[in-house]
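See structure below.
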Amino acid sequence: MSNTMTTPIGKLYGPSLPAPDARRYSSVPRRILNRAWTSWEFRIGVAFLMGVLALTVLYPAFSDIDPGKAAVSMRFKPPIPFEGSNWAHPLGTDQLGRDTLVRSLIGLRYSLMIGIGTVVLMFIVGCALGLVAGFRGGRLGSIIMRLADAQLSIPMIILAITVLGVSRPTIPAIVLVLALSGWPLYARVARSAALAESKREAVRGARILGASDWRIMLLMVAPAVLPPIAFVSVLDIARMMIFEATLGFLGLGVQPPTPSFGNIIADGRKYLINAWWIATMPGAFLLISLTSINLIGSALERARNAVLKGN
Amino acid sequence: MYYLGFLVRRLLQGALIVLLVAMLIFTLMRVVPGDPVRLMVGGMAPDSVVQQASERLGLNAPIPVQFGRYLIRLAHGDMGESFVRPVNGSAVGGSTYDDPSRAERAAVLDLVAQTLPMTLQLASVAFIFALLIGVPLGIAGGLHPGRWPDKLAFYAGSLFVSMPNFWLGIVLTIVLSVQLGWIPSIGYQGFVYTILPAIVLAVEMAPFIIRTLTVSMAQVMSEPFIDAGTVRGISRGQMIWRHAFRNASVPLLNVFGIQLSGLLGGVLIVEFIFDYPGLGLLTVNAVLQRDFPLIQGIAVITSSIFVLINIIVDLAAAAIDPRLETV
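Residue numbers (the numbering used here), protein chains in the order written: chain A, 179 to 489; chain B, 805 to 1131.
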């Protein structure tokens, strides 16, 4: 008797219909995130990135070490497990007695800032141009796309070091030059997605109802086209961070005394034989940050491709 | 006939791009602050000498006129002479303005011709290394999607792509040259000096090969013709190498064309770290010294090479897979 009370309704009425799949009704970005979260690559990347970010935010605030302060008595202290090291400087000190860890963490702040700023800029510019080219087409569209083609076959590194080498490298200049190298790919992807999107029935319907081109583009095409592209742009943050570090290494990035990975490593290169840690430790730090961003980015890209293919 | 039309169209497009690059760099060099003539004649030279020199070099004319003259000379195959590099190859420097070694300056074309083969040697060795790393990982990953070879390829690719080349160069120098003394690293006195820079470049190229090959291989392996081949009794090894890999390598070629620009950046930095006397080192020094004619020459030559390689890539892709239309 009591059994029937607890029997699920489905059992009473025979085999139930398949429950409506909740995921089918959640938004595309949601589904991509959910799917990415099921992969270990993504989780490992997030865990490492969180760790690095926490260190970046907390350590300079809690340690009383001034990143710019030189202390001659503390020069060339090796990192922790080696002889002569101490806990005040876990990753050792450089040729002026400055703390390697604090300088790396500040370098990472700039690196992330420039990386994210650049990607946001090229995402906005590239996608805007791509949307216009895909949706409006016509002469304007083909001019934009030819420009993108031309840009892709210009050796950007030569242009970048020429521009930054002959003018003063400031942070806005660096962001601008880096963004210039990346927008064409965004324009291409956004254009082809917008082309596909604008053939939809709903878009025709909206047009019949009298919606303007701009309204359709901003309210219907852009929201469908942009999020999937945004997921892939995570990979570009890492790419731009490497690019920035490379420029810094050539002396064309963020200028000293502000520490950046590039200029720290370029400095440390002079002391390779006696103090190998000055150049290698910040690089290892950068490597961990970049690997975690790349793991997250690749996992998101895979999840995006799987979701867009419809399974 | 079909190929000919394609070739002509692409070559014309390419010429336009090279012209654009030349114009861009040319204008850029002249609007930014910094006087190369001052650098050329030496910091101590009186103003009259500076004036004289810039008159002689035609740097006082309006920019469009200068560009026009440059194009005319370019059409005759003359790229001008370096501002700062003498023919005898001695280092630049010194602040006197009557240094006799400055008298005869090296032609841009000669400088590029001397360094380009070195870079090509480095690039080809690096490419071979990259294939040795990337092809096995990529194919293994593509054959077992979702399993451990795929994971291995994924993690290796993510790690390699995150490695800043200048940092890897430094680490390898410390470990392989300083600590172990296995291979030399700095400068160039023979073929062994190519190995270390080539390894660094290969690590930079490998992720693209791994990733592209994993995806395209997995895709090809799920095609019906693979099953059909197995039914016809073709061995798995032959199926993979003769049929699947051949098809999967087409996207690889395209990615190579697109990545070329990034690879050039790698070459530049790697040559700079290892003091390898190639085109990359020449470029970095030219920029640091504001050597206008040399920078222009390098930009024109590299973008021409870019254009040509991209055309060759498309032709090669069409040769491997005749279904592709060369448009």
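Ideal placement from N, C-alpha and C gives every residue a C-beta, glycine not left out.
Short check: CB of Val485/A to CB of Arg209/A, under 8 Å? yes
Range of the contiguous alpha helix (DSSP H) that encloses Arg1050/B: 1049 to 1078
Own chain, CB closer than 7 Å to Ala1048/B, minus 5 neighbours either side, in chain order: Met1021, Val1024, Met1025, Ile1030
Please classify Thr923/B as buried or exposed, where buried requires at least 16 other C-beta atoms within 10 Å of its C-beta. buried
Run of the beta strand (DSSP E) containing Arg909/B, from where it starts to where it stops: 909 to 911
Between which two residues does the alpha helix (DSSP H) carrying Glu333/A extend? As written in the sequence, residue 333/A is Pro, which differs from the Glu given in the question. Counting along the chain, Pro333/A falls outside any alpha helix (DSSP H), and DSSP gives it neither H nor E.
In the structure shown, what three-state DSSP assignment does Val432/A receive? coil
According to DSSP, which residues form a beta bridge with Glu885/B? Ala911/B
Determine the direct distance from the alpha carbon of Pro1097/B to that of Met883/B, and round the result to whole angstroms. 7 Å
Which of helix, strand or coil DSSP assigns to Asp277/A: strand
Below-8 Å beta-carbon distance, Ile1003/B vs any chain A residue: no
In chain order, what residues of the same chain have a beta carbon less than 7 Å from the beta carbon of Val1111/B, not counting five sequence neighbours either side? Gly818, Ile821, Val822
Using a beta-carbon distance below 8 Å, is Gly293/A in contact with chain B? no
Does any residue of chain A bring its CB to less than 8 Å from the CB of Leu1092/B? yes
If you draw a straight line from the C-alpha of Phe1060/B to the C-alpha of Ile1099/B, how long is it? 25 Å
Is the Cβ-Cβ distance between Arg814/B and Ile1115/B less than 8 Å? yes
Checking contacts by CB at 8 Å: is Met833/B closer than that to chain A? yes
Residue(s) in a DSSP beta bridge with Thr1034/B: According to DSSP, which records beta bridges pairwise, Thr1034/B is partnered with nothing at all.
Does Gly862/B get closer than 8 Å to chain A when you measure Cβ to Cβ? no
Cutoff 7 Å; reference Arg287/A; Cβ partners in own chain excluding five residues on either side: Thr234
Spatial neighbours of Gln925/B within its chain, please: C-beta separation below 7 Å, excluding the five flanking residues on both sides. Thr998
So Gly431/A and Pro347/A are in contact, right, with Cβ under 8 Å, and what is the actual spacing, rounded? 6 Å
Helix, strand or coil: how does DSSP classify Thr1016/B here? helix
Can you pull the DSSP bridge partners for Thr271/A? Asp277/A
Under 8 Å between C-beta atoms, does Ser966/B make it to chain A? yes
Measure the alpha-carbon distance for Pro434/A versus Asp414/A and round it to whole angstroms. 25 Å
Could you tell me the distance, in whole angstroms, from the CA atom of Leu231/A to the CA atom of Leu325/A? 38 Å
In its own chain, which residues sit with a C-beta less than 8 Å from the C-beta of Leu318/A, not counting the 5 before and 5 after it? Val310, Ala311
CB-CB length for Phe933/B against Ile1003/B, believed under 8 Å: 6 Å
Going by Cα to Cα distance, which pick from Tyr364/A, Phe463/A, Asp277/A, Ala214/A is closest to Ala408/A? Tyr364/A
Mark Asn264/A as exposed unless 16 or more other C-beta atoms lie within 10 angstroms of its C-beta, in which case mark it buried. exposed
Exposed unless 16 or more other CB atoms sit within 10 angstroms - verdict on Glu379/A: exposed
8 Å Cβ cutoff met for Arg889/B and Ala917/B: no
Reducing DSSP to helix, strand and coil, say where Thr348/A ends up. coil
Taking Cβ-Cβ distances shorter than 7 Å, what residues in chain A pair up with Leu1072/B? Ile335
Boundaries (first-last residue) of the alpha helix (DSSP H) holding Arg385/A: 379 to 386
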